[in-house]
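Engineer: This is the structure I have questions about; it appears just below.
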Amino acid sequence: TVEARLRDKAVRLHARTQFQDNSDADLELIVKNCGDFSEPEKMPLSGQLDLNLKDLSPIAHLTNEDVQATGKFGGRILFGGTARKPTMNGKLALSKGKEKQGEIFIPAAGIGLKEIKIALKGDSRSNTIDAQLSSGEGKIKLTGVARQDAKQYWLADFVIFGKKFQAADLPEYSASSAQISACVMRKQELDSAGL
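Numbering of the sequence shown is given in my numbering, commencing with residue 187 and proceeding in unit increments.
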């Protein structure tokens, strides 16, 4: 369902979708001071997205069995700022479902990614991401910033830390990291077409 309403110079948008397994996504946005749309920087924005996916197994069908997932994925993203410069701040995580541990299994590598947590914060020009996940006996953490420069090209700086992270576990070979530290990646002048 989608509802939108303009009253007392405020726009309220509410969108909700519910799936057959009772998973749902619920978005609510409010923009105030909407009397003059020519000044979006003076229109405060607030809202949130609540995501609650209770069964990730359909991902296998969408990826032609290249990725198999179990468990639940969800969290909340808060929105703020103005209509011209919206901001977001949220956390998402993979967790245990009704019957199985939360895992994203990649058959081609023979690994299962678990304990996935993602935190993001930013606006339309700069975003920070903190993520962590485990595989095998190890865990990695990724911290980074993606931002636009003056020419509106995207720049990204990421650092990865971790140890004993299982990268592959197949009958013919197995690979895991002894230790990963300060692996910095930077891509300059990456436009949206290059993503």
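Here a beta-carbon is modelled for each residue, glycine too, at the ideal position from N, C-alpha and C.
With a cut-off of 8 Å, do at least 3 Cβ pairs link the segment 332-349 to the segment 287-301?
Structural biologist: The segment 332-349 vs the segment 287-301: no contact.
Engineer: In its own chain, which residues sit with a C-beta less than 6 Å from the C-beta of I304, not counting the 5 before and 5 after it?
Structural biologist: Cβ neighbours of I304 beyond the five flanking positions: L278 and A317.
Engineer: Is L280 buried or exposed, if buried means 16 or more other CB atoms sit within 10 Å of its CB?
Structural biologist: Answer is buried; the Cβ neighbour count reaches 16.
Engineer: What does H247 pair with, by DSSP beta-bridge criteria?
Structural biologist: For H247, which the question treats as bridged, DSSP gives no partner whatsoever.
Engineer: From this set, K258, T187 and I302, which residue's C-alpha is nearest K286's C-alpha?
Structural biologist: Here the closest residue by C-alpha is K258.
Engineer: Measuring straight from C-alpha to C-alpha, what distance separates G330 and M274?
Structural biologist: Each residue's Cα considered, the two are about 16 Å apart.
Engineer: Taking L192 and A201 to be in contact with their CB atoms under 8 Å, please state how far apart those CB atoms are, rounded to whole angstroms.
Structural biologist: Wrong, their Cβ atoms sit about 16 Å apart, outside the cutoff.
Engineer: Tell me which same chain residues have a C-beta within less than 6 Å of the C-beta of K307, skipping the five on either side of it?
Structural biologist: These residues qualify, in order along the chain: N275 and T314.
Engineer: Let's test the definition: count the other Cβ atoms within 10 Å of the Cβ of T256 and tell me whether it reaches 16, buried, or not, exposed.
Structural biologist: Buried, because 16 or more other Cβ atoms sit within 10 Å of the Cβ of T256.
Engineer: What ranges does the beta strand (DSSP E) occupy inside the segment 294-360, keeping only unbroken runs of at least 3 residues that lie completely in it?
Structural biologist: Listed in chain order, they are 297-309, 312-321, 324-334, 340-349 and 352-355.
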